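Below: the structure, in structure tokens.
Residue numbers (the numbering used here): 54 to 216.
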């Protein structure tokens with residue numbers, strides 16, 4: 054009987070970055086996970102994000118790097134803001150994003166005593182919006198942004214209580 058693999062996680066290392074930069078399959082996917090980056094994502098761009106952010110974490114599936122996330126903001130006793138959430142194309146639909154977001158919520162509580170987790174998702178990222186809604190995130194604001202092609206998009210800012 055074949056059981057689906059269960060994800061695990063560990064802190065991200067520089068050696069992981071060559072794999073992670075392959076996760077976004079086009080400029081739009083990269084924009085969803087790292088709006089300030091330019092296509093194609095490079096190891097140098099991701100290394101800069103890792104250096105500027107906290108708690109960079111990889112999810113593993115069958116021993117392979119399957120997901121990546123970090124906090125672009127962490128205010129102790131207040132909130133953590135999830136950033137750079139990326140899932141390997143081969144691992145999508147296998148619960149990796151759900152698992153990794155849960156792990157980041159745990160880190161927000163344990164490492165920062167955060168009362169809530171924040172996440173932002175662009176209006177044309179239906180899969181992301183639906184995932185966050187299933188996980189209990191609720192919209193707190195919608196702000197106008199421009200996408201990688203200069204088009205108007207709505208950034209849905211969401212929040213979930215961790216208490």
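Note that the Cβ used here is the ideal one computed from N, Cα and C, for glycine as well. Treat the numbers as computed from the prediction; the structure is a model and nothing was measured.
Is residue 137 buried or exposed, if buried means 16 or more other CB atoms sit within 10 Å of its CB? buried
How far does the beta strand (DSSP E) with residue 209 in it extend, from its first residue to its last? 205-214
Suppose only complete runs of 4+ residues qualify. What are the alpha helix (DSSP H) ranges in the stretch 69-139, listed by chain order? 70-73, 80-86 and 96-105
Could you spell out where the beta strand (DSSP E) holding residue 45 opens and where it closes? Limits of the chain in this structure are 54 at one end and 216 at the other, which puts residue 45 out of reach.
Short CB-CB distance (under 8 Å) between residue 195 and chain D: Although the question refers to chain D, the structure presented lacks it and comprises just one protein chain.
In whole angstroms, give me the CA-to-CA distance for residue 193 and residue 146. 27 Å
Roughly how many angstroms lie between the CA atoms of residue 210 and residue 115, to the nearest whole one? 33 Å
Any idea if residue 197 is buried or exposed, counting beta-carbon neighbours within 10 angstroms, 16 or more meaning buried? exposed
What did DSSP end up calling residue 64 once you bin it into helix, strand or coil? strand
What do you reckon, are the CB atoms on residue 95 and residue 73 nearer than 8 Å? no
In chain order, what residues of the same chain lie with their CB nearer than 6 Å to the CB of residue 87, ignoring the 5 residues before and after it? 137
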